[in-house]
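The structure appears right after this line, and notes come after that.
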Ligand SMILES: [Zn+2]
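Right, here's the structure in full:
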């Protein structure tokens, strides 16, 4: 249902590979932080969450469709997930962390993704991404 269709395109792996290409060191799954962010750069107090559009309900996204059966079950489940995400986002911000949320469907365009990572991390916009 929430299958990622491409081959070898696990979105989180793609983001991690890009961070390495940018020369950014990171740690994975910080269990001491709210929501255990996927990717953490402690010195920068910056975290990145790569979210599946279906489970985390990417607003307006084709992948965030509602299953046709057991609608009540799914509605409750999705509501719980989205509320938890929001709570964690606020809790992280309260601790002075900044968080970049990357949706699964946004990882297809590598140039755009790389530019977003650079600007989030204050690395400046790479020459080739300037218009
Ligand atoms: Zn999406």
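Residue numbers (our numbering): 51 to 181. Beta carbons: idealized from backbone N, C-alpha and C, even for Gly. Nothing here was measured: the structure is a model prediction, and the numbers come from that model.
The residues 148, in chain order, have a CB closer than 6 Å to that of residue 96 in the same chain once the five nearest residues on each side in sequence are set aside.
Here residue 160 is not near residue 101, since their CB atoms are 8 Å or more apart. Here DSSP, grouped into helix, strand and coil, assigns residue 147 to coil. By DSSP's assignment, residue 78 forms a beta bridge with 89. Rounded to the nearest whole angstrom, the CA to CA distance from residue 171 to residue 137 is 23 Å.
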